[in-house]
Amino acid sequence: MKKDTVCRMCSSCCPVEVEVVAGKLVSAQRKSFLSQDKRSPCLKLQAAADIVYSDKRLTTPLIRQKDGAFRQASWDEALDLVASRFKHYQGQARPEAVGWLRGMAADWGSPWDYANRLMNCYGSPNTIGNGSICFVAREMAHTYTYGAMAFPEASKAKCILVWGKHDADTTLGVADAINHAVSNGAKLIVVDPIQTPLARKADIWLQIKPGHDGLLAMAMINEIISQNLHDQEFIEGFTTGFEQLREVAGRYAINTIAPGIWLDPQRVREAARLYATTKPACLIDGNGLDMQLDIFQSTRAVACLRGLTGNIDRPGGDVLPQAIPLRPLQARDRLPVGVTPITAAYPLFNTFSETWGNQVQSCVVDAILDQKPYGLKMLVVQAGNPVVTMADSSRAQRAMEELEFLVVIDLFMTRTADLADVILPAAGCFEKTQLNRSATRNNPIILQNQVIEPVGQSWPDWKIVFELGRRIGLEHEFPWHSAEAAIDDQLAPAGVSVEQLRQEADGVRVEVLRHEKYRQDGFATPSGKFEFFSLRLQENGHAGLPYADGFPEKAAISFDAQQAEFPLIGISGRRDIRFTNSQYRTIPALLKNEEGCVVDVHPLDAAQQQIEDGDQLQITTPKGTITMPAKVSSVVHPGSVRIAWGWGDYKADWNLNTLTDDDTRNPITGTPGQRTFMCRVNKV
Ligand SMILES: Nc1nc2c(c(=O)[nH]1)N[C@H]1C(S)=C(S)[C@@H](COP(=O)(O)OP(=O)(O)OC[C@H]3O[C@@H](n4cnc5c(=O)[nH]c(N)nc54)[C@H](O)[C@@H]3O)O[C@H]1N2
Ligand SMILES: Nc1nc2c(c(=O)[nH]1)N[C@H]1C(S)=C(S)[C@@H](COP(=O)(O)OP(=O)(O)OC[C@H]3O[C@@H](n4cnc5c(=O)[nH]c(N)nc54)[C@H](O)[C@@H]3O)O[C@H]1N2
Ligand code: SF4
Ligand SMILES: [Mo]
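The C-terminal position of the sequence shown is numbered 785 in my numbering, with every residue numbered one higher than the one before it.
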């Protein structure tokens, strides 16, 4: 039988059709507006049955015994134990000593709301996401410029500028749209320090020096204004601070900037002209900007290009979302007044959105190890593997070990789960009904619909949270006994029900798609305008215009001050389509003899140490050393190496975050430099 749902094995949230035989998932196909032969392939989805029925799945709750080993337990026993620890800190009048750390995998829609609801009603403000290193920091920069995160209408664009994103590995719906537009003649510009498959297809590829995107954006702004290529009508009617932008960008002339960031001035000029004169153009930014120390200003500068060229909210440009009206489920009003979250040092990031809440995950480690701003004693980790995915893994691991009580909710055993006192087995995406953020951010709403029963005794995340809530005395706050009841409640203001979503597998559109909404509604910023200049930022002690205070030259890359000892730029590497972050290396069909776990070294750098393919290389930073096989390759620029990402759960010695730094962070978003850092490479 064929059943419709949404795949959530990565954050792409693709609508899929699943083949179910005798209650078992057999295969799954991704839906797309493109014909089958033109769709970008997903190897994870092809291995869906291997993942779902892997013998490595956690199938019962586990409790750690005195001798350190885990034993199987019933749900009643495990949940009662966890609930008793919640009550312990409440009894000590320290509910804020309990934290709930969320990784990316359970999604940021309803599951994020449920965790926040439980914690707010319990009395702790410390539900913490990992958005400081993922796209939330970028979303804040978009929001401070035009009120929301724009999304590209790439299939209708005539020019596509891709800035630090690789959709064919990470976001297949967008990859399809790019391919469609390019095959219809759209121009393609790619800004990426790596010669990716997309870069090879581009009309112009700018192989930028990692972490220096802000300078390129300012130089392009300068060029567009000085060549009079900007959209005068849009700027006059709908923006703030254009004259200041002209003045600040004037300090970033292409001829002086480009050579320092590894670029040919003439190519940058051509890119600026092509982007500004080919309408409509969309600008797709990605995780190449995230995890950078300079994330906020660089994304603001890139975002300014969308207004400068008038492409914001135009068909085929960068469209602003029409959010679905939802009943707020986070119960923020239940949090006792005066309890500050452990992320209090990042007030603007904590408050820029209605639903994101606290997203500076590094603060979890500060609170556990350094009691900063106060101690965190117990942690629930849901759908995350912080020991591997957080910056400075050794420190993150020490923090997990230091806790009085650690609960992990996951599908698989991980290096983080290995340190837990209690492990609760979660059901995977095909085993539960869920409302994802991508479904509520904008039309149409598509349901992640349960198509098979949970594997073993695993439970869906919603059920774990509701049941735990009831056991800590929140029966009234968690009245729902099914995912459907809770989703119906949340969707009531939109007038949409789960029943209806199940009947309309391609989604329900609450409002017709509109463009240029700013003409009627303005932008959702304090001034109602597209803000090149942000008074809100200036009043809070930050540059009101990107780089008005100059570019942080020696602070854009971790360990830059120690360049003499660590001369190469390390780039956290490719998101292979076979894996999602630290996941799926235990699946033989995907692991393929550890293919892809390599350090790419440019032939010129390789020659200095006679490095050849397959040689074992030690990569060292002030934080630690890992060892990986070499691949001599000119996809990287001389002076930089690309290190494979996500292998740290499979093999500790391949954990890239052993190398990264968490001491220095972006002042607004608390982002550490997990993408780009100075390092040294030695042949073993
Ligand atoms: N150096 C470096 N560091 C990085 C990155 C990088 O590229 N380089 N990427 C960063 C980014 S962008 C992110 S988002 C983070 C990701 O960091 P994490 O969120 O910690 O990432 P994952 O490794 O995907 O871990 C997700 C865990 O959730 C489990 N899981 C999967 N589905 C479910 C579910 O439905 N419910 C539950 N309860 N568990 C589930 C998986 O088995 C897995 O153990 O890593 C960041 N760290
Ligand atoms: N297959 C797969 N899919 C995934 C994930 C996964 O791990 N595997 N992770 C999911 C998650 S959590 C996220 S956040 C998304 C992220 O998905 P994307 O936003 O596509 O991010 P990445 O693929 O990490 O990086 C995009 C590009 O940025 C480039 N880049 C690196 N450094 C720089 C730089 O300094 N400047 C510029 N301009 N570019 C740079 C990289 O070379 C890469 O080509 O993917 C999601 N989907
Ligand atoms: S890209 Fe693949 S794994 Fe990710 S959601 Fe889409 S189909 Fe699933
Ligand atoms: Mo992410």
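Virtual Cβ for every residue (Gly too), placed ideally from N, Cα, C.
Go through its chain and collect everything with a Cβ distance to residue i's Cβ below 6 Å, but skip five positions before and after it.
i	result
residue 539	114
residue 366	355, 356 and 359
residue 144	678 and 679
residue 306	291 and 300
residue 244	453
residue 230	203 and 460
residue 707	733
residue 446	none
residue 435	221 and 222
Going by the CB atoms, is the gap between residue j and residue i shorter than 8 Å?
i	j	result
residue 638	residue 627	no
residue 246	residue 494	no
residue 741	residue 672	yes
residue 612	residue 544	yes
residue 516	residue 270	no
residue 249	residue 422	yes
residue 520	residue 502	yes
residue 124	residue 554	yes
residue 386	residue 266	yes
residue 227	residue 442	yes
residue 304	residue 289	yes
residue 784	residue 712	yes
residue 747	residue 731	no
residue 413	residue 242	no
residue 522	residue 507	yes
residue 481	residue 201	yes
residue 364	residue 309	yes
residue 139	residue 117	no
If you drop the 5 nearest sequence neighbours on each side, which residues of the same chain put their C-beta closer than 7 Å to that of residue i?
i	result
residue 685	145, 152, 679 and 691
residue 688	148, 151, 152 and 155
residue 95	Residue 95 is absent from the structure shown; the chain starts at 102 and stops at 785.
residue 341	628, 630, 632, 633 and 634
residue 187	199, 223 and 573
residue 287	258, 259, 260 and 261
Would you report the Cα separation of residue i and residue j, rounded to the nearest angstrom?
i	j	result
residue 648	residue 314	12 Å
residue 596	residue 536	15 Å
residue 450	residue 332	31 Å
residue 463	residue 763	7 Å
residue 756	residue 674	12 Å
residue 625	residue 619	9 Å
residue 558	residue 180	14 Å
residue 454	residue 431	13 Å
residue 137	residue 130	9 Å
residue 264	residue 384	7 Å
residue 159	residue 273	29 Å
For residue i, count neighbouring C-beta atoms within 10 Å of its own C-beta (all shown protein chains included) and say buried if the count is 16 or more, exposed if not.
i	result
residue 236	buried
residue 452	exposed
residue 233	buried
residue 641	exposed
residue 175	exposed
residue 102	exposed
residue 551	buried
residue 478	buried
residue 411	buried
residue 591	buried
residue 694	exposed
residue 561	buried
Going by beta carbon distance, what residues of the same chain come within less than 8 Å of residue i, once the five residues before and after it are set aside?
i	result
residue 722	659, 660, 667, 671, 760, 761, 762, 778, 779, 780 and 781
residue 705	739
residue 697	675, 677, 679 and 745
residue 476	198, 468 and 469
residue 593	428
residue 405	246, 318, 322, 346, 633 and 647
Next item on the list: Quick one: which unbroken beta strand (DSSP E) runs of 3-plus residues sit fully inside the region 305-390? Chain order, please.
Entry: 305-307 and 382-386
Next item on the list: Entirely within the region 191-259 and at least 3 residues each: give me those beta strand (DSSP E) ranges in chain order.
Entry: 199-203
Next item on the list: Any chance you could list the alpha helix (DSSP H) runs of at least 4 consecutive residues sitting entirely within the region 623-685, in chain order?
Entry: 636-640
Next item on the list: Ignoring anything shorter than 4 residues or poking outside the region 548-613, list the alpha helix (DSSP H) runs there in chain order.
Entry: 562-572, 584-592 and 599-604
Next item on the list: Kindly provide the ranges of any beta strand (DSSP E) runs that are 3 or more residues long and lie completely inside the region 129-198, ordered along the chain.
Entry: 163-165 and 171-173
Item checked: Runs of alpha helix (DSSP H) wholly within the region 485-548 (minimum 4 residues, chain order) -> 487-490, 494-503 and 538-542
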